[in-house]
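A.B. asks: First the structure, then my questions, so here it is.
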Amino acid sequence: MWADGDDIRWVPVGDVGEVRMGKQLSPASRAAAGQMPYLRVANVHDGYITYRDVKAMGFTSAEREIYGLIPGDILLNEGQSLELVGRSAIYTRGVGEFCFQNTLVRFRSGPGVLPQYAQAVFRRWLATGVFASIAKKTTSIAHLGGDRFARLLFPLLSLEQQRRIVEAIDAVTERVEVERETLAKEMLLWEGLLNHELFSHVQEYGTEPLRDVCLSGGAYGSNAAAVPSDLTMPRYVRITDIDDHGCLATDATSTVSIPWESARPHLLADGDLLIARTGFTTGKSYLYRSSDGICAYAGYLVRFQVNPERMLPEYAFLWTRGNGFLSWVSQNVREVGQRNISAREYNEHEIAVPPLEQQRKLVNAWHAARESHSLRQLGVERLRTLRQAVSDDLLSGKVRVQGMA
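Going left to right, the sequence shown walks through residues 84 to 488 as the numbering used here numbers them.
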């Protein structure tokens, strides 16, 4: 631990760098001149930023000076779930290439602070609940608050000490990034294989309406209101509970239940396929397995009970992950009012129907790819845990890197 004689000063964050909230999105800014891409919460993850799914709004030349990002800027989630508020990453793209929205807070290091060191401190504050302790919660969203963040006491060391700490953490971070990049490449390879096989199945075996490979047409879920999670009731599966990989979210804070009287007509059976019918995630899918527990599904989802004599439920799920289905969704979704595709329209969607043996080959390849992905993901999580432990020891003063007083 840091002792009284150590060369460390505890200084408000606002005194070691600039803290600024982003520009607020408004209907006027969406149509204003000077459209610029901006980053928002969805782009800022733990330690990295995605620059693909970005939106734009109008920024005047003066606003670009204020909200334009430069390499080394740290962006923190201002509005998020309580456990993720303060999640941060360092901006790495060109000067002024992106701006940022007010769902983010920007920290721009002063001359006495290395951005990498500051981000390591912020990461530790996220992991140890410092950000959660100062956040204010409104409904389901917690807000960090620029002023509250600026008042937090920052452990200011000499630049040389900061540099040595960053080098030690980076040694582990590099291993994390290598594994994460390998994971991403494996996913791209699998997606390429999946789409190649699905396309060849269409060419060789033709297609049939989705309803013809199901026991019945698509059925809407319950419109009952959710209740707080209760282990004596079924879990209530909503669109927001399904992640990008088609799995149920495991975050206990977002799990809700549905009373038995409302759930019974909508209880899921092993192999049921759910497809989102509305919103920006129209087409998102989930394959229910009994290992997920007793579940019922909500009204913004459509259930298909796949006929196992015609099609493996896993194959139908894989079809919904392919480019053919996703392209069909983008072409058929109605944009008037809330985006949606009806159960009737999903019934008519044409799906490849190869022999069960061919379906099983693709499903087995998926299981093998998923197992490999899970093992590599476990390795990444262990490295992240190691990185956090190293960071905790160094930033608390429990362990000193060579050359530190």
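From the three backbone atoms N, C-alpha and C, an ideal C-beta is built for every residue, glycine too.
Hey, which unbroken runs of the alpha helix (DSSP H) at 4 residues or more fall wholly within the region 135–198?
C.D. replies: 144–150
A.B. asks: In the DSSP output, what is cysteine 297 paired with across the bridge?
C.D. replies: Residue 297 sits at position 214 when you count from the first residue of the sequence shown. According to DSSP, cysteine 297 bridges with Val389.
A.B. asks: For isoleucine 434, which of helix, strand or coil comes out of DSSP?
C.D. replies: For the purposes of this step, residue 434 is taken as the residue at position 351 of the sequence shown. Strand, per DSSP.
A.B. asks: Can you pull the DSSP bridge partners for lysine 106?
C.D. replies: Taking the first residue of the sequence shown as 1, we reach residue 106 at position 23. Beta-bridge pairing links lysine 106 to Gln184.
A.B. asks: In whole angstroms, what separates the C-alpha of glutamate 257 from that of glutamate 264?
C.D. replies: As a working note, residue 257 is residue 174 in the sequence shown. As a working note, residue 264 is residue 181 in the sequence shown. Approximately 11 Å, taken between the alpha carbons.
A.B. asks: Residues in its own chain within less than 6 Å of asparagine 406 by CB, not counting five upstream and five downstream?
C.D. replies: By one-based count along the sequence shown, residue 406 stands at place 323. Within the same chain, asparagine 406 has close Cβ partners Asn278.
A.B. asks: Look up tyrosine 303 in the DSSP assignment and give the residues it is bridged to.
C.D. replies: Here residue 303 is taken as the residue at index 220 of the sequence shown, counted from 1. Bridge partners of tyrosine 303: Val385.
A.B. asks: Roughly how many angstroms separate the alpha carbons of proline 195 and isoleucine 157, rounded to a whole number?
C.D. replies: Against the sequence shown, residue 195 aligns to sequence position 112. Against the sequence shown, residue 157 aligns to sequence position 74. Here the sequence assigns glycine to residue 195, which means proline is not the residue at that position. So the alpha carbons of these two residues sit roughly 15 Å apart.
A.B. asks: Can you name the start and end residues of the beta strand (DSSP E) that isoleucine 358 belongs to?
C.D. replies: Start at 1 with the first residue of the sequence shown, and residue 358 comes out as number 275. That run of the beta strand (DSSP E) goes 355–359.
A.B. asks: Look up glutamate 291 in the DSSP assignment and give the residues it is bridged to.
C.D. replies: As a working mapping, residue 291 is identified with position 208 in the sequence shown. Note: glutamate 291 sits in a beta bridge opposite Ile434.
A.B. asks: Where do the ends of the alpha helix (DSSP H) carrying tyrosine 398 lie?
C.D. replies: What you label residue 398 is simply residue 315 of the sequence shown in a count that begins at 1. First-last of the alpha helix (DSSP H) with tyrosine 398: 396–402.
A.B. asks: Three Cβ pairs or more, each shorter than 8 Å: is that satisfied between the region 448–458 and the region 298–311?
C.D. replies: no
A.B. asks: Taking the DSSP output, what are the residues bridged to proline 95?
C.D. replies: The sequence position of residue 95 within the sequence shown is 12, counting from 1. As computed with DSSP, proline 95 is found in a beta bridge with Leu236.
A.B. asks: Between the region 410–417 and the region 326–345, are three or more C-beta pairs nearer than 8 Å?
C.D. replies: no
A.B. asks: Less than 7 Å between the C-beta atoms of valine 296 and alanine 435, yes or no?
C.D. replies: Here residue 296 refers to the residue found at position 213 when the sequence shown is read from its first residue. Here residue 435 refers to the residue found at position 352 when the sequence shown is read from its first residue. Result no, Cβ atoms of valine 296 and alanine 435 do not sit closer than 7 Å.
A.B. asks: What did DSSP end up calling leucine 350 once you bin it into helix, strand or coil?
C.D. replies: Translated into positions along the sequence shown, residue 350 becomes position 267. In the structure shown, leucine 350 sits in a strand (DSSP, three-state: E or B).
A.B. asks: Under a three-way DSSP split, which group does aspartate 87 fall into?
C.D. replies: As a working note, residue 87 is residue 4 in the sequence shown. Note that aspartate 87 scores a pLDDT of 46, beneath 50, so its modelled location is shaky; the value from the coordinates is reported in the next line. Coil at aspartate 87, not helix or strand.
A.B. asks: Can you say whether glutamine 414 is buried or exposed, counting buried as having 16 or more other CB atoms within 10 angstroms of its CB?
C.D. replies: Walking along the sequence shown from the start, residue 414 turns up at place 331. Glutamine 414 counts as exposed, since fewer than 16 other beta carbons sit within 10 angstroms of its beta carbon.
A.B. asks: Closer than 7 Å by C-beta to proline 396: which residues in its own chain qualify, once you throw out the five before and the five after it? Chain order, please.
C.D. replies: As a first step, residue 396 must be located in the sequence shown, where it is residue number 313. In chain order, Gly354, Leu356, Leu370 and Val389 place their CB closer than 7 Å to the CB of proline 396, counting only its own chain and leaving out the 5 sequence neighbours on each side.
A.B. asks: If proline 438 sits next to alanine 379, beta carbons under 8 Å apart, how far is it from one beta carbon to the other, in whole angstroms?
C.D. replies: The sequence position of residue 438 within the sequence shown is 355, counting from 1. The sequence position of residue 379 within the sequence shown is 296, counting from 1. About 34 Å; that fails the 8 Å criterion.
A.B. asks: Kindly indicate which three-state DSSP category glutamine 118 falls into: helix, strand or coil?
C.D. replies: Taking the sequence shown and counting its residues from 1, one reaches residue 118 at position 35. In this structure, glutamine 118 counts as strand in the three-state DSSP scheme.
A.B. asks: Mark serine 374 as exposed unless 16 or more other C-beta atoms lie within 10 angstroms of its C-beta, in which case mark it buried.
C.D. replies: Here residue 374 refers to the residue found at position 291 when the sequence shown is read from its first residue. Its Cβ having fewer than 16 others within 10 Å, serine 374 is exposed.
A.B. asks: Could you compute how far the alpha carbon of asparagine 185 sits from the alpha carbon of leucine 167?
C.D. replies: Residue numbering aside, residue 185 sits at position 102 when the sequence shown is read from its first letter. Residue numbering aside, residue 167 sits at position 84 when the sequence shown is read from its first letter. Their backbone Cα atoms lie some 16 Å apart in a straight line.
A.B. asks: Alpha carbons only, please: which of Met270, Ser368, Gly480 and Glu431 is nearest the one belonging to isoleucine 325?
C.D. replies: Numbered from its first residue, the sequence shown carries residue 325 at position 242. Across the set Met270, Ser368, Gly480 and Glu431, the C-alpha of Ser368 shows the shortest separation from the C-alpha of isoleucine 325.
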